[in-house]
Amino acid sequence: MTQEFESALLEGAVTEISRLPGIGRKTALRLALHLLREDVATSVSLGEAIINMRKGIRYCSVCHNISETEVCPICGDPRRDASTICVVESVKDVLIIENTGSYRGLYHVLGGVISPIDGIGPDKLEIDSLIARAASGSIKEVILALSATMEGDTTDYYIYKRLEPHNVKVTQLARGVSVGNEIEYTDEITLGRSLMNRTLFSDSIMI
Numbered sequence: 091m092t093q094e095f096e097s098a099l100l101e102g103a104v105t106e107i108s109r110l111p112g113i114g115r116k117t118a119l120r121l122a123l124h125l126l127r128e129d130v131a132t133s134v135s136l137g138e139a140i141i142n143m144r145k146g147i148r149y150c151s152v153c154h155n156i157s158e159t160e161v162c163p164i165c166g167d168p169r170r171d172a173s174t175i176c177v178v179e180s181v182k183d184v185l186i187i188e189n190t191g192s193y194r195g196l197y198h199v200l201g202g203v204i205s206p207i208d209g210i211g212p213d214k215l216e217i218d219s220l221i222a223r224a225a226s227g228s229i230k231e232v233i234l235a236l237s238a239t240m241e242g243d244t245t246d247y248y249i250y251k252r253l254e255p256h257n258v259k260v261t262q263l264a265r266g267v268s269v270g271n272e273i274e275y276t277d278e279i280t281l282g283r284s285l286m287n288r289t290l291f292s293d294s295i296m297i
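Using our numbering, you'd call the opening residue of the sequence shown number 91 and step up by one each time.
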């Protein structure tokens, strides 16, 4: 049974907070009551920060990473290796890989993985734009850095087949990342080594 409060304002705040992933109504209530105990300025600062983030951040027109400009700082950095693209599932994975300090190429954020059970097909991901980048002729290697799950492996294979006509080297993370693990739960040292010791994707295909 959904708990309702005598205060419509508190009810509204709890309802909105509980829309966030991983936050149920009990946690939302605890957060709302915490904000009520703080100075009004604290809530105002939080609200302004969220609004500014939402209005000011967009997605890079090249790699789909978050950015405050049309092209993100990584894509716009001339010191990066523009011939290598690391394909990841989410923006969060870009941040994690950057923290390893082991990679100096560019990225491509898919926005998810192929998952028929969730109604996510290739058309709902940023795969066509990846293929277009590979077709430009300037890309020498595409690193598949998706999670080692069934959905991740399915997406890897789909991208590999789509890239075949474009004469691009396709590699994947070395299996220092355990099967079934998501990138975000892999420690930075292991992830960095997996990037450095990446292998040809074709070697992983069972014939």
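We treat Cβ as the ideally placed atom computed from N, Cα and C, and that holds for glycine. Please read these numbers as outputs of a predicted model, since none were measured by experiment.
Counting C-beta pairs with one atom in each stretch, the segment 235-244 and the segment 194-207 have three or more that are closer than 8 Å, which means they touch. Excluding five sequence positions before and after R252, the CB atoms of its chain that fall closer than 6 Å to its own CB belong to I221, given in chain order.
At the C-beta level, L126 and L110 stay beyond 9 Å of one another. When DSSP states are grouped into helix, strand and coil, R169 belongs to the coil group.
For I156, same chain residues with a beta-carbon under 6 Å away, outside a window of 5 residues either side, are I147 and V181 in chain order.
In the three-state DSSP reduction, L99 falls in the helix class (H, G or I). In this chain, T261 is not harboured by any alpha helix (DSSP H); it is covered by the beta strand (DSSP E) spanning K259 to Q262. DSSP places H198 in the uninterrupted beta strand (DSSP E) bounded by G195 to V199. Non-local beta-carbon contacts of G242 in its own chain, meaning distances under 6 Å to residues more than five positions away in sequence, involve V203 and L236 in chain order.
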